[in-house]
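Residue numbers for the sequence shown, in the working numbering: 23 to 234.
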Amino acid sequence: MTITITAFERSPDGGKGLARDTRVRWALEEVGQSYEVRLVSFAAMKEPAHLALHPFGQIPTYEDGNLTLFETGSIVFHLAERHAGLLPVDADARARAITWMFAAVNTVEPAILELANAKLLEGNKSWSKERLPLVQDRVRDRLRPLSARLGDADWLDGAFSAGDLMMVSVLLRLKPSGILDEYPNLAAYVARGEARPAYQRAFAAQLALYTG
Ligand code: GTB
């Protein structure tokens, strides 16, 4: 079966890898699965054909034979369950890696999204300047304990896992803000993720779409 994912026809970031198809591409590369990409416009994302795949009209989606998935956490988990390389074999270590996947999307990502929204969507509001420091502090409230837990380890719990893939993907969105650099071990953690050959291949593939 051919795996097909969807991505932006025109990514607002012009290929910086911040759209969420990058994490799915990264997981596919880590587990050695080839895939095709169907590009969708913002208009097409809200049309019935795409809504049948993704009820919220977003990218990415994942299709493999009769299976269609949306939500990057679920897609990465699906790949990690079916292929070796992203989840430990030991049941307890596996459960901990999955816990980090949830922590990434459920605990860390919301604060980072709020910061992105505060800048992109609310930057021109009269109250924006006053609110921004509060939103930035909520990001720090997540990064501080994450940094403390990571300490000087390479990855969050032993070997690189889907938990790290999701956490690095979430933290990448912070790079332009400078906040990540306040936590040197987290900045180094993200750089380690970006240095992985599978990430490099995923990044290059999405960049080629928007610059090629
Ligand atoms: N929880 C879902 C998941 O993890 O799969 C969230 C999916 C999602 O937000 N998709 C976005 C989307 O389709 C693209 S990634 N948005 C269109 C819409 O909702 O109408 C979000 C994104 C977009 C652009 C940038 N950027 O340019 O920097 C970064 C992230």
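Glycine included, each C-beta is placed from N, C-alpha and C at the ideal position. Because the structure is a prediction, the values reported are computed rather than measured.
Taking only runs that begin and end inside the region 200-228, name each unbroken alpha helix (DSSP H) of 4 or more residues, in chain order.
Counting only runs of at least 4 residues, the region 200-228 fully encloses the following alpha helix (DSSP H) elements, listed from N- to C-terminal order: 206-217.
For threonine 44 and alanine 210, what's the separation of their Cα atoms in angstroms?
It is roughly 20 Å from the alpha-carbon of threonine 44 to the alpha-carbon of alanine 210.
Pull up the distance between the alpha-carbon of alanine 220 and that of glutamate 52, whole angstroms please.
One Cα belongs to alanine 220, the other to glutamate 52, and the distance between them is close to 5 Å.
Using the Cβ count rule (16 or more neighbours within 10 Å means buried), how would you classify glutamate 131?
Burial is judged here by how many other beta carbons sit within 10 angstroms of a residue's own beta carbon; glutamate 131 has at least 16 and is buried.
Taking C-alpha atoms, which residue in Thr94, Glu136, Arg166 lies nearest to phenylalanine 124?
Comparing Cα positions, the closest option is Thr94.
Going by other Cβ atoms of all chains shown within 10 Å of its Cβ, with 16 needed for buried, is alanine 213 buried or exposed?
The residue in question, alanine 213, is exposed, as its Cβ has fewer than 16 Cβ neighbours within 10 Å.
By the three-class DSSP mapping on this structure, what secondary structure does valine 53 have?
In this structure, valine 53 counts as coil in the three-state DSSP scheme.
May I ask which residues mark the beginning and end of the alpha helix (DSSP H) holding threonine 121?
For threonine 121, the uninterrupted alpha helix (DSSP H) run begins and ends at 113-124, by DSSP.
Whole angstroms is fine: what's the gap from glutamine 228's alpha carbon to serine 150's?
The alpha-carbon atoms of glutamine 228 and serine 150 are separated by roughly 32 Å.
Using the beta carbon as the reference atom, which residues fall closer than 5 Å to any heavy atom of the ligand GTB, ordered along the chain?
The set of residues with a C-beta under 5 Å from any non-hydrogen atom of the ligand GTB comprises Pro34, Asp35, Leu40, Ala41, Arg42, Gln80, Ile81, Glu93, Thr94, given in chain order.
Whole angstroms are fine: how far does the CA of serine 148 sit from the CA of histidine 100?
Rounded to the nearest angstrom, the two C-alpha atoms are 44 Å apart.
Which residue or residues does DSSP assign as beta-bridge partners of threonine 90?
Threonine 90 pairs with Glu85.
Inter-residue spacing [alpha-carbon to alpha-carbon] between leucine 137 and asparagine 207
Distance between the alpha carbons of leucine 137 and asparagine 207 is about 21 Å.
Please classify alanine 106: does DSSP put it in a helix, a strand, or coil?
In this structure, alanine 106 counts as coil in the three-state DSSP scheme.
Using the C-alpha atoms, what's the distance from tyrosine 205 back to leucine 165?
Taking the straight line joining both Cα atoms gives about 8 Å.
Can we say the region 53-67 touches the region 152-164, given the rule of at least three CB pairs closer than 8 Å?
Not touching, per the Cβ criterion.
Assign alanine 217 to one of two classes, buried (16 or more other C-beta atoms within 10 Å of its C-beta) or exposed (fewer than that).
The residue is exposed, with fewer than 16 neighbouring Cβ atoms inside 10 Å.
Identify whether phenylalanine 78 lies in helix, strand or coil by the three-state DSSP scheme.
The answer is coil: DSSP assigns phenylalanine 78 none of H, G, I, E or B.
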